[in-house]
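Chemist: The UniProt record's numbering puts the first residue of the sequence shown at 1, with every later residue one more than the last.
Starting off with a structure, shown below.
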Amino acid sequence: MFERVAGTGTNLTPAGQALAESAPRIFSLVDQARSATLAAAAGSLATMCVALSDGILPKRLAALLASSREERARLNLQLFDVPLAEQLNGLQHNLFDVGFACAPGKPHGLSSETLWQTELVVPLPLRHPLLVHKHVPLTELAACTLALFYPDLQSGLHQQVSSLLAGEAHHSPWRPRLAARRC
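In structure tokens form, the structure reads like this:
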């Protein structure tokens with residue numbers, strides 16, 4: 001699994017690398033089996049593993065989960081907060097039963113359905129000139145410096161907002177100035 005390298009420590013062998021890639025799935029399955037066993041001992045009839053990614057709004061999700069709890073009171077729900085790529089991989093490998101994410105398009109090999117849409121929000125300081133607009137036109141943001149979602153942690157949100165801004169930039173002469181990508 002490991003090979004010693006003089007002066008630099010150790011490196012993973014190809015077999016070690018393969019195990020390192022599979023280990024998170026193994027631990028996830030063990031955790032799910034443990035939770036399912038505890039839930040069954042407590043009287044639950046079934047367990048559903050739910051993956052959450054990319055800024056799912058807690059209020060809407062809470063209402064959805066509450067209605068699920070009313071319909072199937074003995075269903076044990078396990079929630080996993082994971083990056084979008086891990087959610088998609090977990091769904092394809094049956095580690096999760098269902099996933100919620102703000103992801104554009106349809107993932108390959110999976111079915112998806114839009115459950116709700118949320119408007120894009122632009123936080124502005126008090127007395128900012130753009131506050132005269134009830135809905136700020138994207139072209140008006142040309143003079144503003146923007147902070148976007150971090151692409152590694154909220155890749156779906158990042159892709160959606162970047163696509164929206166790129167589409168607007170394609171139709172007008174401005175390019176958005178990005179100050180930072182927020183975590």
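From the three backbone atoms N, C-alpha and C, an ideal C-beta is built for every residue, glycine too.
Because the structure is a prediction, the values reported are computed rather than measured.
#1: I need the straight-line Cα distance from L130 to F149, nearest angstrom please.
#2: Are L12 and D54 close, meaning C-beta to C-beta below 7 Å?
#3: Tell me the DSSP bridge mates of N76?
#4: Apart from the five residues on each side of it in sequence, which residues of its chain come closer than 8 Å, Cβ to Cβ, to L164?
#5: Quick check on V132: does DSSP put it in helix, strand or coil?
#6: Hey, how far is the Cα of P125 from the Cα of C144?
#7: Taking the alpha carbon of Q87 as the reference point, which residue from A63, S68, V50, A66 has its own alpha carbon closest?
#8: Less than 7 Å separating the beta-carbons of L91 and L110?
#9: Cα separation between A147 and H133?
#10: With DSSP as the reference, please indicate the residues paired to G105 in a beta bridge.
Modeler: Checking against the coordinates, here is how it stands:
#1: 21 Å
#2: no
#3: T47
#4: L120, L138, listed in sequence order.
#5: helix
#6: 12 Å
#7: V50
#8: Note that the C-beta distance between L91 and L110 is below 7 Å.
#9: 20 Å
#10: For G105, which the question treats as bridged, DSSP gives no partner whatsoever.
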